[in-house]
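A short write-up of the structure that comes next.
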């Protein structure tokens, strides 16, 4: 699925990292 | 102790929401009701006020394709697209801050966003709307519902279902701290088509639902059945998205030259 959603996948992988709770 | 955990989660989601989404409901309501010292929004109600507004409103996405000579209805449609793309970015950042989200199967993360983003876009759009119009360009402008309705077919009907939803949704009088948890609940829906591993998604959503129920009890003690009413809105939202996708299919059929942003193409492909 991620192959068909390259931009969405990139948004998930890139930019700011998640905040720990 | 369980309640304390739920309050920590609620606070965390609210903080992430404030970081991810620049135009809050609090800011939008202050502008819409005139309770702000900021400049009043430029009201766009016809073609002349649109042209004046375009000079006055400073915003990158006003002319995303640099085509000022495009037909008005198509120009407005392109701007809606640009704003949607920006919203998808913001929602993705917010999703990554929901505890447990980034540990899910990556394909499932993609699926949850693919199906969730438009429900969230229309939830948050309601914050910018009243029955008469919608704030645009981070509150710099206000475009009337009548003006949008007057655009040529099929664009004139494009926003109507969103206004109808917004009026009903805004009657619940949620604030940004409620919306932060509600949006997280929408993202973590275990019934999205094609999910690989549903159980961890449902586990996170259960925790979020408990936090949402407590939040609504504490923040709206006099509003009976608010939690149940809000969950009912999730069904309405799916209907709004389904209609939106049908409109887009119609527009793509009738407007042969209409281009759709690649990110939105990915999301709409095989959606419903």
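Protein chains in written order, with this note's numbering: chain A, 158 to 178; chain B, 311 to 582. Cβ coordinates follow ideal geometry from the N, Cα and C atoms, glycine included. The structure presented is a predicted model; accordingly, all values stated were derived computationally and were not measured.
Buried or exposed: which applies to residue i, given that a residue is buried once 16 or more other Cβ atoms fall within 10 Å of its Cβ?
i, result
"residue 313 of chain B", "exposed"
"residue 447 of chain B", "buried"
"residue 385 of chain B", "buried"
"residue 409 of chain B", "buried"
"residue 507 of chain B", "exposed"
"residue 427 of chain B", "buried"
"residue 481 of chain B", "exposed"
"residue 351 of chain B", "buried"
"residue 527 of chain B", "exposed"
Taking a contact to mean a Cβ-Cβ separation below 7 Å, would you say residue i touches residue j in this structure?
i, j, result
"residue 421 of chain B", "residue 504 of chain B", "yes"
"residue 383 of chain B", "residue 445 of chain B", "no"
"residue 400 of chain B", "residue 164 of chain A", "no"
"residue 553 of chain B", "residue 471 of chain B", "yes"
"residue 360 of chain B", "residue 367 of chain B", "no"
"residue 395 of chain B", "residue 530 of chain B", "no"
"residue 429 of chain B", "residue 518 of chain B", "no"
"residue 417 of chain B", "residue 158 of chain A", "yes"
"residue 581 of chain B", "residue 550 of chain B", "no"
Could one say the Cβ of residue i lies closer than 7 Å to chain A's Cβ atoms, at least one of them?
i, result
"residue 312 of chain B", "no"
"residue 422 of chain B", "no"
"residue 517 of chain B", "no"
"residue 573 of chain B", "yes"
"residue 416 of chain B", "yes"
"residue 456 of chain B", "no"
"residue 576 of chain B", "yes"
"residue 419 of chain B", "yes"
"residue 402 of chain B", "yes"
Residue i and residue j look like a contact to me (Cβ under 8 Å); what is the Cβ gap, rounded to whole Å?
i, j, result
"residue 475 of chain B", "residue 436 of chain B", "7 Å"
"residue 397 of chain B", "residue 431 of chain B", "5 Å"
"residue 439 of chain B", "residue 473 of chain B", "6 Å"
"residue 479 of chain B", "residue 563 of chain B", "About 30 Å; that fails the 8 Å criterion."
"residue 309 of chain B", "residue 391 of chain B", "The structure shown does not extend to residue 309 of chain B, since chain B is modelled only from 311 to 582, so the question has no answer here."
| Taking three-plus beta-carbon pairs below 8 Å as touching, is the segment 490 to 500 of chain B in contact with the segment 454 to 463 of chain B? | no
| request: Determine contact between the segment 522 to 534 of chain B and the segment 440 to 456 of chain B, defined as no fewer than three beta-carbon pairs at a distance below 8 Å. | output: no
| Hey, is the segment 509 to 518 of chain B in contact with the segment 464 to 478 of chain B, meaning 3+ C-beta pairs nearer than 8 Å? | no
| message | Can you confirm whether the segment 327 to 338 of chain B touches the segment 528 to 539 of chain B when touching is taken to mean that 3 or more C-beta pairs between the two stretches lie within less than 8 Å? | response | no
| said: I'd like to know if the segment 483 to 492 of chain B and the segment 320 to 328 of chain B are in contact, where contact means that at least 3 CB-CB pairs between them fall below 8 Å. | reply: yes
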